[in-house]
Structures are given as C-alpha cells and as structure tokens.
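Visitor: FYI, in the UniProt record's numbering the residues of the sequence shown are 1 to 388. For glycine and all other residues, C-beta sits at the position ideal for the given N, C-alpha and C. Quantities reported herein were computed from a predicted structural model and do not represent experimental measurements. Mind having a look at this structure? Questions to follow.
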Amino acid sequence: MDLYEYQARDLFESYGVPVLAGIVADTPEEVKAAAEKIGGVVVVKAQVKTGGRGKAGGVKVAKTPDEAYEAAKAILGLDIKGHIVKRVMVAQGAAIADEYYFSVLLDRANRSYLSLCSVEGGMEIEQLAVEKPEALARIEVDPLVGINKTKAIEIAKAANFPDDLVSKVADVFVKLYDVYKGEDATLVEVNPLVRTESGDIIALDGKVTLDDNGSEVRHPAHEALEDKDAADPLEAKAKAAGLNYVKLDGQVGIIGNGAGLVMSTLDVVAYAGENHGGVKPANFLDIGGGANAQVMASGLDVILGDEQVKSVFVNVFGGITSCVAVAEGIVKALEILGDAATKPLVVRLDGNQVEEGRAILAEANHPLVTLAAGMDEGADKAAELANA
1 MDLYEYQARD LFESYGVPVL AGIVADTPEE VKAAAEKIGG VVVVKAQVKT GGRGKAGGVK
61 VAKTPDEAYE AAKAILGLDI KGHIVKRVMV AQGAAIADEY YFSVLLDRAN RSYLSLCSVE
121 GGMEIEQLAV EKPEALARIE VDPLVGINKT KAIEIAKAAN FPDDLVSKVA DVFVKLYDVY
181 KGEDATLVEV NPLVRTESGD IIALDGKVTL DDNGSEVRHP AHEALEDKDA ADPLEAKAKA
241 AGLNYVKLDG QVGIIGNGAG LVMSTLDVVA YAGENHGGVK PANFLDIGGG ANAQVMASGL
301 DVILGDEQVK SVFVNVFGGI TSCVAVAEGI VKALEILGDA ATKPLVVRLD GNQVEEGRAI
361 LAEANHPLVT LAAGMDEGAD KAAELANA
C-alpha cells in the first residue's frame, strides 16, 4: 500500500524524523486557515500517489494565506497523470541550502534490503541513476542487523556527504530505517532530504510503501491509512470478501484455485482470444486451496459486477478445494444474482470429486453454464462467447 505524502510525514514525525509543520486540507477555505495557522511562507502540495507533481502544477509556494487560497483553487481538481487531486497538504516553507536523497527498500532479487543515497537530491531518482550513476551510492543492508549508527555513517560516507554532516545525517538515516522496519514497509524514501540555511536536516518530502501482507495481523492501524475512496470498487469488494483479485482490462473473467493455475489460465485465454477478436482476460482471481461454496459465490459476484466482462471461465483443479464446493458455489451465486446474471460461464472441473461436481451443474441445468472437458477447450469457448 502506497501512502500519501502527508501520511508518510506523520509516520516520520512519530518516529522522531525531523519534519516541518504540515496540515491536510480539502478545500481552499481550509487551506487558507491552515496557512494562517502555520504562518509565513507555505507550500501547497497536491496529495496524489504519483510523481511529477511540480511539473504538473501540483506544488505552489504561497507567501500569504490569500495566495495559499488561490493556489488551492488551482490545484484541487487537477489531473496529474490520471490522478485527480482531492486533497492538499499545506506545508511550512523552508530556506533550503542543499538537497539530498535517501531511501531504504526491499531488494527482492538479492533477498535483502538496499539503501540508496545521494548528495544530489531533488530530481527523480530514475533520472539521476541514468544521467549520473556515480552520484548514487548503493549499499546492501543486512536485514538481521539493519541500519544502526555505524551502518548509517557508512552510507553517508559512500554518498560523499561532507565530513561535518556525516554524523548528523546518519542520525536521520537510523530513524528512517526505524520507520521502515517498525511499519513493515517495503520502501521508505525521502526526496529531498534537505539541509536548511540554519543547518537543520529535514525530511521535506516522503514516500512510504507498506507491505499489505504484514499489515492485517501486525499493524491493524494501517487499515485507517487505506484510501478506500480511491480504490477500484471491484477490488475493494473482493478484498472485503477475502479474495485475491486483481482487475485487468479484458473481457473474459477468470476464476481459479492456486496462483499458478490462474496465471496459466490467463495465458491460455489470451492465446485463445487471438482467434476471437483479440479478447483478453479481465482479471486475476484466486479462490485459494480451501475455498468453499460461499467463496466461489463471492468470486462470481465480484466478476459479474464488472461491466467489461462478457464471459467467465471457471478453471478449477480440485485438491483441498472440492469440485463439489465449486459447483455448489456456482449454483448458489446464480440463484442469488437471479435476473442480474446475464453473462455466460464456462466451467472446467478436474480432480477431487470432479464427477460429483459436474453432476451438480448438470442437474441445475442453468442456461448460462457450459461445461468444458479441458482447459484449452474451456478457454476457447469463453473467448468465443466474449466475442459474440
């Protein structure tokens, strides 16, 4: 889960990372009041989960509350790379002397943590890595040790910080790592980390990505950080039902059990779609290894609610998940949906209790359900129906 800048700022503050005052606002009037409360020069910053805000006009400096009001009017409602600005943060202005970059992230390829650091912050890190790779220090971090003061000093020196700043920035690096570790994050980034004209080191802009897998059990408070309004309604509905669902841009809904089987099904449907008008998979939905009839019904309810879906391919190999449970779930879902169920289903069952599952579907004899003997046959039929 990616956090908004204001959420990252609040997390930083709770861990003792030096930040400036910041107030979230949803209207120009609230922005003006926030600017009056903070006093002096402020920066009105669009709160969107994408980069390039400054170039898009989403960051404006205001010297007075009235200027902040006008800035908010210009920013709120702005479209930044497909993200509509609904909220801004009014941040205290800073007299910046130097800008730096620091991040710690999960390095999946090496099964470790990685810290990236540079004395040339402020610009996009991808741009810096291409144009001046020598300016970006890459330091591996042992997950069992983390970033203590000694490691933080190593990072600062590798990034060529001036000797008189090494210890000072190292203290901030340690606290930022505390955020990373303490919140089960996969990324903590500050760009820029600045030195003010008075010599203070401040995290001026932050980005944090939290590991959803650890949040539900270890960090129940993370649920409050989720922007439910911005989430895709189908993905939100699936999450509420405990389903592993990802919306795609195709026309054939997919339900399977086990990530490997679902991924294979996506490939087979995409291949079959080449012969049927170029139709593609509409989603990834894994009902898991021990799914019951209710889970199957919930999955169908989500997929059939997608207007882009023209047909559904249910591809299940019964192991822990019985084909009987799958068949009962299909029948139950169609009963619940009633006349709202208008999209054809192609069902391929195999494995545990396959004959019993097929018998349940045959007895129900629903006009929308077609049984397929194999995966290739089922994918081809689903693609054909989606293109009809």
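His83 bridges to which residues according to DSSP?
Guide: Mapped onto the sequence shown, residue 83 falls at position 83. Ile80, per the DSSP bridge assignment.
Visitor: Sorted by chain position, which residues of the same chain lie with C-beta nearer than 8 Å to Ile153's C-beta, five sequence neighbours on each side aside?
Guide: On the sequence shown, residue 153 is found 153 positions in, with the first residue counted as 1. Correct list, in chain order: Val166, Ser167, Ala170.
Visitor: In this structure, what does DSSP give as the bridge partners for Val61?
Guide: The count along the sequence shown starts at 1 and reaches residue 61 at position 61. In the DSSP output, where bridge partners are listed per residue, Val61 has Val43.
Visitor: How should Pro192 be labelled, buried or exposed, when 16 other C-beta atoms within 10 angstroms of its C-beta is the threshold for buried?
Guide: For this step, residue 192 is matched to residue 192 along the sequence shown. Label assigned to Pro192: buried.
Visitor: With 16 other CB atoms within 10 Å as the buried threshold, where does Ile84 fall?
Guide: Walking along the sequence shown from the start, residue 84 turns up at place 84. Ile84 is exposed by the Cβ-count criterion.
Visitor: Hey, out of Pro281, Ala240, Glu235, Gly277, whose CA is closest to Gly256's CA?
Guide: Taking the first residue of the sequence shown as 1, we reach residue 256 at position 256. Minimum Cα distance to Gly256 is reached at Pro281.
Visitor: Could you say which of Val268, Cys323, Ile254 lies nearest to Asp306 if we only look at CA atoms?
Guide: For the purposes of this step, residue 306 is taken as the residue at position 306 of the sequence shown. Of Val268, Cys323, Ile254, the residue nearest in Cα terms is Ile254.
Visitor: Measure the C-alpha to C-alpha separation of Lys149 and Glu13 and round it to an integer number of angstroms.
Guide: Along the sequence shown, read from residue 1 onward, the residue named residue 149 stands at position 149. Along the sequence shown, read from residue 1 onward, the residue named residue 13 stands at position 13. Distance between the alpha carbons of Lys149 and Glu13 is about 19 Å.
Visitor: Terminal residues of the continuous beta strand (DSSP E) containing Leu114?
Guide: Stepping through the sequence shown from its first residue, residue 114 is reached at position 114. Per DSSP, Leu114 belongs to the beta strand (DSSP E) from 112-118.
Visitor: Taking the straight line between their C-alpha atoms, what separation do you get for Ala46 and Val326?
Guide: Sequence index remark: in the sequence shown, residue 46 carries index 46 (1-based). Sequence index remark: in the sequence shown, residue 326 carries index 326 (1-based). In a straight line, the C-alpha of Ala46 is about 46 Å away from that of Val326.
Visitor: Determine contact between the region 336-353 and the region 230-239, defined as no fewer than three beta-carbon pairs at a distance below 8 Å.
Guide: They do not touch, by the three-pair rule.
Visitor: Write down the C-beta distance between Ser103 and Val188 rounded to the nearest angstrom, noting that I regard them as a contact closer than 8 Å.
Guide: Reading the sequence shown from its first residue, position 103 is the one you call residue 103. Reading the sequence shown from its first residue, position 188 is the one you call residue 188. So it is a contact: roughly 6 Å between Cβ atoms.
Visitor: So, is Leu144 buried or exposed, given that buried needs 16 or more other C-beta atoms within 10 angstroms?
Guide: Translated into the one-based positions of the sequence shown, residue 144 becomes position 144. With fewer than 16 other Cβ atoms within 10 Å, it is exposed.
Visitor: When the Cα atoms are used, what is the spatial distance from Gly122 to Pro28?
Guide: Looking up residue 122 in the sequence shown gives position 122. Looking up residue 28 in the sequence shown gives position 28. Whole-angstrom Cα-Cα distance: 27 Å.
Visitor: Would you mind reading off the limits of the beta strand (DSSP E) that contains Val48?
Guide: Counted from its first residue, the sequence shown places residue 48 at position 48. Val48 -> no beta strand (DSSP E), and no H or E assigned at all.
Visitor: Could you tell me which whole alpha helix (DSSP H) segments of length 4 or greater appear in the region 110-164?
Guide: The qualifying runs are 125-131, 149-158.
Visitor: Would you grab the beta carbon distance between Val174 and Ile147 for me? Rounded to a whole angstrom, and I think it's under 8 Å.
Guide: Here residue 174 is taken as the residue at index 174 of the sequence shown, counted from 1. Here residue 147 is taken as the residue at index 147 of the sequence shown, counted from 1. Confirmed, about 6 Å.
Visitor: What is the DSSP secondary structure of Glu189, reduced to helix, strand or coil?
Guide: For this step, residue 189 is matched to residue 189 along the sequence shown. Glu189 falls in the strand class under three-state DSSP.
Visitor: So, helix, strand or coil for Ala203, using DSSP?
Guide: Taking the sequence shown and counting its residues from 1, one reaches residue 203 at position 203. Ala203: strand per DSSP, three-state reduction.
Visitor: Hey, would you say Gly273 sits closer than 8 Å to Ala372, going by beta carbons?
Guide: For the purposes of this step, residue 273 is taken as residue 273 along the sequence shown, with counting starting at 1. For the purposes of this step, residue 372 is taken as residue 372 along the sequence shown, with counting starting at 1. Cβ atoms of Gly273 and Ala372: not closer than 8 Å.
Visitor: Which residues in the same chain as Glu335 place their Cβ atom closer than 8 Å to its Cβ, once the five residues preceding and following it in sequence are excluded?
Guide: Stepping through the sequence shown from its first residue, residue 335 is reached at position 335. Nothing meets the Cβ criterion.
Visitor: For Ser118 and Glu140, which I take to be in contact (beta-carbon distance under 8 Å), what is that distance rounded to the nearest angstrom?
Guide: For the purposes of this step, residue 118 is identified with residue 118 of the sequence shown, where counting begins at 1. For the purposes of this step, residue 140 is identified with residue 140 of the sequence shown, where counting begins at 1. That belief does not hold up - the Cβ atoms of Ser118 and Glu140 are roughly 16 Å apart, past 8 Å.
Visitor: The alpha helix (DSSP H) that contains Val316, what's its start and end?
Guide: Indexing the sequence shown from 1 puts residue 316 at position 316. From DSSP, Val316 is part of no alpha helix (DSSP H) but of the beta strand (DSSP E) over 311-318.
Visitor: To the nearest angstrom, report how far apart Glu36 and Ala25 are at their CA atoms.
Guide: On the sequence shown, residue 36 is found 36 positions in, with the first residue counted as 1. On the sequence shown, residue 25 is found 25 positions in, with the first residue counted as 1. Looking at the two C-alpha atoms, the distance is approximately 13 Å.
Visitor: Taking DSSP's pairing of strands, which residues face Arg348 in a bridge?
Guide: Mapped onto the sequence shown, residue 348 falls at position 348. Its beta-bridge partners are Asn315, Ala372.
Visitor: Following the continuous beta strand (DSSP E) through Glu99, name the residue where it begins and the one where it ends.
Guide: Translated into positions along the sequence shown, residue 99 becomes position 99. Here the beta strand (DSSP E) through Glu99 covers 96-107.
Visitor: Could you give the residue range of the beta strand (DSSP E) that holds Ala91?
Guide: Here residue 91 refers to the residue found at position 91 of the sequence shown. Where Ala91 is concerned, the enclosing beta strand (DSSP E) stretches over 88-92.
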